[in-house]
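Protein chains in written order, with our numbering: chain A, 267 to 528; chain B, 267 to 528.
Cβ atoms here follow ideal geometry from the backbone N, Cα and C, with glycine treated the same way.
Please read all numbers here as calculations on a predicted model, not as lab measurements.
A quick write-up on the structure given underneath.
Number of protein chains: 2
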Amino acid sequence: MAEASHPAPVIILNEPQLAENIGAVARVMANFGLSDLRLVNPRDGWPQERAWALASGAEWPLNAAKVTESVAEAISDLNLVFATTARPRELQLPILTPRAAAAELHAASGQGQKVGILFGGERAGLETADIALCQAVVTIPIDPRFRSLNLGQAVAINAYEWRTTLLDAPPAIFREHSPPADGAAMLGLFEHFERELDAAGFFHPPDKRPSMVQNLRSALGKARFSEQEVRTFRGVVTALSRGRGRVLAKLAAQKAARGETE
Amino acid sequence: MAEASHPAPVIILNEPQLAENIGAVARVMANFGLSDLRLVNPRDGWPQERAWALASGAEWPLNAAKVTESVAEAISDLNLVFATTARPRELQLPILTPRAAAAELHAASGQGQKVGILFGGERAGLETADIALCQAVVTIPIDPRFRSLNLGQAVAINAYEWRTTLLDAPPAIFREHSPPADGAAMLGLFEHFERELDAAGFFHPPDKRPSMVQNLRSALGKARFSEQEVRTFRGVVTALSRGRGRVLAKLAAQKAARGETE
Numbered sequence: 267m268a269e270a271s272h273p274a275p276v277i278i279l280n281e282p283q284l285a286e287n288i289g290a291v292a293r294v295m296a297n298f299g300l301s302d303l304r305l306v307n308p309r310d311g312w313p314q315e316r317a318w319a320l321a322s323g324a325e326w327p328l329n330a331a332k333v334t335e336s337v338a339e340a341i342s343d344l345n346l347v348f349a350t351t352a353r354p355r356e357l358q359l360p361i362l363t364p365r366a367a368a369a370e371l372h373a374a375s376g377q378g379q380k381v382g383i384l385f386g387g388e389r390a391g392l393e394t395a396d397i398a399l400c401q402a403v404v405t406i407p408i409d410p411r412f413r414s415l416n417l418g419q420a421v422a423i424n425a426y427e428w429r430t431t432l433l434d435a436p437p438a439i440f441r442e443h444s445p446p447a448d449g450a451a452m453l454g455l456f457e458h459f460e461r462e463l464d465a466a467g468f469f470h471p472p473d474k475r476p477s478m479v480q481n482l483r484s485a486l487g488k489a490r491f492s493e494q495e496v497r498t499f500r501g502v503v504t505a506l507s508r509g510r511g512r513v514l515a516k517l518a519a520q521k522a523a524r525g526e527t528e
Numbered sequence: 267m268a269e270a271s272h273p274a275p276v277i278i279l280n281e282p283q284l285a286e287n288i289g290a291v292a293r294v295m296a297n298f299g300l301s302d303l304r305l306v307n308p309r310d311g312w313p314q315e316r317a318w319a320l321a322s323g324a325e326w327p328l329n330a331a332k333v334t335e336s337v338a339e340a341i342s343d344l345n346l347v348f349a350t351t352a353r354p355r356e357l358q359l360p361i362l363t364p365r366a367a368a369a370e371l372h373a374a375s376g377q378g379q380k381v382g383i384l385f386g387g388e389r390a391g392l393e394t395a396d397i398a399l400c401q402a403v404v405t406i407p408i409d410p411r412f413r414s415l416n417l418g419q420a421v422a423i424n425a426y427e428w429r430t431t432l433l434d435a436p437p438a439i440f441r442e443h444s445p446p447a448d449g450a451a452m453l454g455l456f457e458h459f460e461r462e463l464d465a466a467g468f469f470h471p472p473d474k475r476p477s478m479v480q481n482l483r484s485a486l487g488k489a490r491f492s493e494q495e496v497r498t499f500r501g502v503v504t505a506l507s508r509g510r511g512r513v514l515a516k517l518a519a520q521k522a523a524r525g526e527t528e
């Protein structure tokens with residue numbers, strides 16, 4: 267599953283129109299660990315400063331981008347290339363979701379194949395003749411009511427799916443926090459809580475106590491407190507019950523001052 | 267699994283800075299069937315024309331966008347809200363990938379809960395105090411070497427994952443093509459092909475014929491020809507062998523004209 271043993275797919279943009287989109291593509295490639303970008307006949311020539319401006323620092327895919335005059339030339343060293351399109355064609359190629367495509371590309375890359383994903387330009391998408399050079403079609407399960415997907419977003423979805431073949435888990439900096447406290451710690455909290463509620467006359471009528479206790483325990487249990495959180499909540503229970511004691515003492519003192527008895 | 271029984275998550279943008287990004291978010295929401303957008307204190311006020319310009323026609327999330335002054339107000343009617351962030355916090359919330367988050371939101375939505383996903387602004391992300399109002403943290407498994415993910419892309423990944431809980435298959439317009447031809451049709455093609463290759467003296471030496479035949483059959487079989495493609499390739503074989511016949515006849519005629527014999 268290591269990245270080194272599964273080189274990431276090459277991203278090929280056929281006749282991209284807006285340098286801003288090329289920059290956005292470079293940025294999202296960097297987000298998901300891709301770096302090899304190829305441009306087939308970019309409309310406004312290459313390089314274009316605006317691409318670098320939109321890449322937010324993800325300059326290496328742009329600096330190394332290879333420009334070719336045809337899709338055939340761009341994919342000449344690749345063993346497996348999938349074409350992305352939102353429009354069905356008359357071709358008999360397999361149709362894959364981005365997830366299924368990423369799984370196939372991952373397997374092929376792990377076997378030493380050079381793999382790539384081909385994207386069409388913003389307006390016209392891909393020519394069928396170019397798709398025919400590829401081994402499968404990838405299409406995103408988009409809402410048919412609004413099919414206009416931005417080029418950068420299309421690359422993002424596919425690059426993200428590639429990434430999840432390597433790491434479908436929170437990044438390492440999201441270290442698992444403290445685990446949930448164990449049963450003994452939770453029971454200690456529950457019993458402490460229930461003792462104070464007993465003292466406060468909360469469980470009423472008494473024959474409802476067992477079911478009320480069960481409901482309170484399961485409600486708190488869902489929060490999966492850590493040990494620290496158990497300690498915090500025991501402090502909360504203590505503070506509230508002492509607080510109640512202070513309030514009662516204060517009321518009694520007020521009554522006494524007014525010459526009343528309890 | 268129907269959309270009607272699983273209302274899509276609300277998207278909440280906390281203090282978004284660029285109207286262009288709000289427009290890009292609306293566009294990608296429409297791509298993946300989401301429509302309820304809420305904006306907490308958009309930096310430049312609201313509405314902003316540039317948002318509509320960037321939405322490429324996905325105007326309905328913008329037209330209906332609700333503006334609030336706090337995250338608390340924006341989520342006041344929601345039962346389950348997940349906060350997206352690329353930075354770990356001291357909170358003890360569960361950490362989910364977009365895929366796991368979408369699965370949980372899908373299940374909750376199917377039970378009638380109103381669900382949402384909270385995103386921070388472009389520069390600062392979310393305050394920990396706002397994350398603490400949510401029930402889990404969502405983080406994208408990004409490459410730690412380049413963590414600067416565009417706001418529109420972050421929404422795209424999560425909206426796409428939501429969409430795949432409803433439809434993780436090519437859209438209906440990508441109707442399955444003709445299925446692969448059956449075994450009899452393929453065997454007919456193989457035998458036709460091999461007859462012509464026999465006639466052309468291709469299988470040499472003869473004791474290699476069985477393994478050569480197996481290799482040719484498996485090589486062609488991988489293409490999973492449809493019945494139409496089988497017919498096409500039988501035509502190809504016929505054309506090539508007749509062509510060879512014509513070439514041989516022509517050579518014989520030339521030799522005869524020069525007074526040679528075969």
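*Would you report the Cα separation of R497(B) and E457(B), rounded to the nearest angstrom?*
Counted from its first residue, the second sequence places residue 497(B) at position 231. Counted from its first residue, the second sequence places residue 457(B) at position 191. Rounded to the nearest angstrom, the two C-alpha atoms are 13 Å apart.
*Is any beta-carbon of chain A found at less than 7 Å from that of P436(B)?*
Here residue 436(B) refers to the residue found at position 170 of the second sequence. Judged by the 7 Å Cβ criterion, P436(B) is in contact with chain A.
*Kindly indicate which three-state DSSP category K244(B) falls into: helix, strand or coil?*
With chain B represented from 267 up to 528, any question about residue 244(B) goes unanswered, as that position is not in the structure.
*Would you list the one or two residues that DSSP bridges to T334(B)?*
Here residue 334(B) refers to the residue found at position 68 when the second sequence is read from its first residue. The partner list for T334(B) (beta bridge, DSSP) reads V306(B).
*asked:* Given this structure, state the Cα-to-Cα distance separating P410(B) from Q480(B), to the nearest angstrom.
replied: On the second sequence, residue 410(B) is found 144 positions in, with the first residue counted as 1. On the second sequence, residue 480(B) is found 214 positions in, with the first residue counted as 1. Roughly 48 Å between the two C-alpha positions.
*If you run the structure through DSSP and keep just helix, strand and coil, what is F412(A)?*
On the first sequence, residue 412(A) is found 146 positions in, with the first residue counted as 1. Correct three-state label for F412(A): coil.
*Length of the line joining the Cα atoms of F440(B) and L392(A)*: By 1-based counting over the second sequence, the position of residue 440(B) is 174. By 1-based counting over the first sequence, the position of residue 392(A) is 126. Taking the straight line joining both Cα atoms gives about 16 Å.
_Whole-angstrom distance between D343(A) and Q314(A), CA atom to CA atom_ = If you number the first sequence from 1, residue 314(A) lands on position 48. If you number the first sequence from 1, residue 343(A) lands on position 77. Straight-line Cα distance between these residues: approximately 26 Å.
*Which stretch, first to last residue, makes up the beta strand (DSSP E) that contains A349(A)?*
Against the first sequence, residue 349(A) aligns to sequence position 83. Where A349(A) is concerned, the enclosing beta strand (DSSP E) stretches over L346 to T350.
*Near I278(A), which residues of its chain fall below 6 Å by C-beta distance, leaving aside the five closest residues on each side in sequence?*
Reading the first sequence from its first residue, position 12 is the one you call residue 278(A). Once the five neighbours on either side are set aside, the close Cβ partners of I278(A) are R304, A340, G382 and L384.
*Unbroken alpha helix (DSSP H) run spanning G454(A), endpoints*: Here residue 454(A) refers to the residue found at position 188 when the first sequence is read from its first residue. G449 to A465 is the span of the alpha helix (DSSP H), which, as asked, contains G454(A).
*Give every residue of the same chain whose Cβ lies closer than 6 Å to the Cβ of I423(B), excluding the five residues on either side of it in the sequence, and list them in chain order.*
Walking along the second sequence from the start, residue 423(B) turns up at place 157. Taken in chain order, the residues that qualify are P364 and I406.
*The beta strand (DSSP E) spanning G382(B) covers which residue range?*
On the second sequence, residue 382(B) is found 116 positions in, with the first residue counted as 1. Element bounds for G382(B): V381 to F385.
*Is there contact here, the segment 499-515 of chain A with the segment 461-476 of chain A, by at least three beta-carbon pairs under 8 Å?*
yes
*asked:* Cβ closer than 9 Å: which chain A residues qualify as neighbours of T504(B)?
replied: Counting from one through the second sequence, the residue named residue 504(B) turns up at place 238. What T504(B) touches in chain A: nothing, since even the nearest Cβ is about 21 Å away.
*asked:* So if DSSP puts G391(B) in a beta bridge, which residue, or which two residues, is it bridged to?
replied: Here the question's residue 391(B) lines up with position 125 in the second sequence. DSSP lists G387(B) as partners of G391(B).
*Closest Cα partner of T350(A) within the set G323(A), C400(A) and E269(A)*: To locate residue 350(A), count along the first sequence from 1; it is residue 84. Of G323(A), C400(A) and E269(A), the residue nearest in Cα terms is C400(A).
_Cross-chain neighbours of F412(B) in chain A, by beta carbon under 7 Å_ = Working through the second sequence from its first residue, we reach residue 412(B) at position 146. Ordered by position in chain A, the residues that pass the 7 Å Cβ test against F412(B) are A296, N297 and A324.
_Which residues in chain A have a C-beta closer than 8 Å to the C-beta of L433(B)? List them in chain order._
Walking along the second sequence from the start, residue 433(B) turns up at place 167. The contacting residues are P407.
*Does Q401(A) get closer than 7 Å to chain B when you measure Cβ to Cβ?*
Reading the first sequence from its first residue, position 135 is the one you call residue 401(A). No, no contact with chain B.
*Below 7 Å between beta carbons: does that hold for R353(A) and S322(A)?*
Residue 353(A) sits at position 87 when you count from the first residue of the first sequence. Residue 322(A) sits at position 56 when you count from the first residue of the first sequence. Cβ distance not < 7 Å, so R353(A) and S322(A) don't count as in contact.
*Taking DSSP as the reference, what is the three-state secondary structure of A402(A)?*
Numbered from 1 along the first sequence, position 136 holds the residue referred to as residue 402(A). Correct three-state label for A402(A): strand.
_I want to see whether chain B comes within less than 7 Å of Q520(A), judged by CB atoms only; does it?_
Taking the first residue of the first sequence as position 1, residue 520(A) is located at position 254. Chain B, which has no Cβ nearer than 7 Å to the Cβ of Q520(A), makes this no.
*asked:* Taking DSSP's pairing of strands, which residues face S492(A) in a bridge?
replied: Taking the first sequence and counting its residues from 1, one reaches residue 492(A) at position 226. Paired residue(s): P446(A).
_the segment 465-472 of chain B in contact with the segment 417-432 of chain B per 3-pair CB rule at 8 Å_ = no
_Measuring alpha carbon to alpha carbon, tell me which residue in L517(B), A338(B), V347(B) and K332(B) is nearest A402(B)._
Here the question's residue 402(B) lines up with position 136 in the second sequence. Nearest C-alpha to A402(B): V347(B).
*Have a look at the DSSP bridge pairing and note the partners of V276(A).*
Locating residue 276(A) in the first sequence gives position 10, counting from the first residue. According to DSSP, which records beta bridges pairwise, V276(A) is partnered with G382(A).
_Which of the three DSSP states is assigned to L362(A) in this structure?_
Indexing the first sequence from 1 puts residue 362(A) at position 96. If DSSP states are grouped into helix, strand and coil, L362(A) belongs with the strands.
_Sub-7 Å separation of V291(B) and G418(B) beta-carbons_ = Taking the first residue of the second sequence as position 1, residue 291(B) is located at position 25. Taking the first residue of the second sequence as position 1, residue 418(B) is located at position 152. Yes.
*Taking all protein chains shown into account, do 16 or more other C-beta atoms lie within 10 angstroms of the C-beta of N297(B), making it buried, or fewer, making it exposed?*
Here the question's residue 297(B) lines up with position 31 in the second sequence. Classification for N297(B): buried.
_Cα-Cα separation between D448(A) and L455(A), rounded to whole angstroms_ = Residue 448(A) sits at position 182 when you count from the first residue of the first sequence. Residue 455(A) sits at position 189 when you count from the first residue of the first sequence. Using only the alpha carbons, I get a separation of about 11 Å.
*Mind checking the segment 278-294 of chain B against chain A and listing, in chain order, the residues whose C-beta falls within less than 9 Å of any C-beta there?*
A290, R293 and V294
*Which word fits E356(B), buried or exposed, when buried means at least 16 other C-beta atoms lie within 10 angstroms of its C-beta?*
The residue you call residue 356(B) lines up with position 90 of the second sequence. Per the 10 Å Cβ criterion, exposed.
*Under 9 Å by beta carbon: chain A residues contacting Q379(B)*: Taking the first residue of the second sequence as 1, we reach residue 379(B) at position 113. Neighbours of Q379(B) on chain A: none; closest Cβ ~15 Å, over 9 Å.
*asked:* For S492(B), tell me which candidate among A465(A), D302(A) and Q358(A) has the shortest Cα-Cα distance.
replied: Sequence index remark: in the second sequence, residue 492(B) carries index 226 (1-based). Nearest option by C-alpha distance: Q358(A).
*Any beta-carbon of chain B closer than 7 Å to the one on R316(A)?*
Here residue 316(A) corresponds to residue number 50 of the first sequence, with the count starting at 1. Output row for R316(A): interface = no.
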